[in-house]
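Student: Following my numbering, the residues of the sequence shown are numbered contiguously, the last one being 1688. Even glycine gets a Cβ: it sits at the ideal position worked out from N, Cα and C.
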Amino acid sequence: MHLDNKIVVITGGSQGFGKALARFFIEEGSKVVISSNDKEGLKTTANELFADCFFADVTSKEDVTKLGEYVFRKYGVIDIWINNAGIQVAPGPMEKIDSHELHRLFSINFFGYFYGCQVALSYMKQQGHGLIINVNSTAGLEGKAEISAYSSSKFAIRGLTESIRKEIKDSNIKMYGVFPGGMQTEIYKDKHPADLNEYMEVEPVAKKVVENVKAARPKIDLIIRRPIS
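1) Do you know how far the Cα of Met1583 is from the Cα of Asp1522?
2) Ser1494 lies in the beta strand (DSSP E); which residues open and close that run?
3) Leaving out five residues before and five after Lys1603 in sequence, what residues of the same chain have Cβ atoms less than 6 Å from its Cβ?
4) Going by beta carbon distance, what residues of the same chain come within less than 6 Å of Asp1511, once the five residues before and after it are set aside?
5) Out of curiosity, what's the CA-to-CA distance linking Met1553 and Gln1586?
6) Determine the DSSP secondary structure at Pro1663, reduced to helix, strand or coil.
7) What do you get for Asp1629, buried or exposed, if any count of 16 or more other CB atoms within 10 angstroms of its CB means buried?
8) Taking the alpha-carbon of Val1668 as reference, which of Lys1525, Val1637, Tyr1529, Lys1520 has the nearest alpha-carbon?
9) Between which two residues does the beta strand (DSSP E) carrying Phe1484 extend?
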């Protein structure tokens, strides 16, 4: 896919992996709209990257709907929608996971993606084409000890991605999954500071995602493991 002048929406785009994705899409000539629930961070990143921005809390269906309305009303099309916003909870035995933290994690990591897919599909079916990318994790490919809540949310995203893919198989809408290993994002800086150096930097991972979108034969499920090659 040629990315020049494509309209790209990225949730969780004010920092980390979302910010790196925005940077590479902009370098390819795309018009990027980043969203976040961090107003100050959103404005700072938008100014730095010369991106458009829209405040949205992905746990709110109303906010995500307004994000889609804003982009479609302003640009007349949504070519690519990337669900990226996510959080982690402190690693530990599953029986010790706080129920409030668990609900918050799923409200962002799963429901945020579900709402994003609903909104993106409503416009893409109307315009007759589009690409949705769900940023997942290798924790969504196999369960991992000490992060049962996070891994479960990523398995849920994987199921969502595969189900939608089957629903749209006869259309010009595509659905990709991205499964990176651990990255040096704010999530991991907060929860895994001791082994942060073992994780991948976000820029080379983001570059691989953009290269895959551009490829003549893109992988519908892109797995990027450590160490990155």
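Tutor: Let me spell this out:
1) 18 Å
2) 1490-1495
3) Ser1610
4) Val1492
5) 44 Å
6) helix
7) exposed
8) Val1637
9) No beta strand (DSSP E) contains Phe1484, which is instead part of the alpha helix (DSSP H) from 1475-1486.
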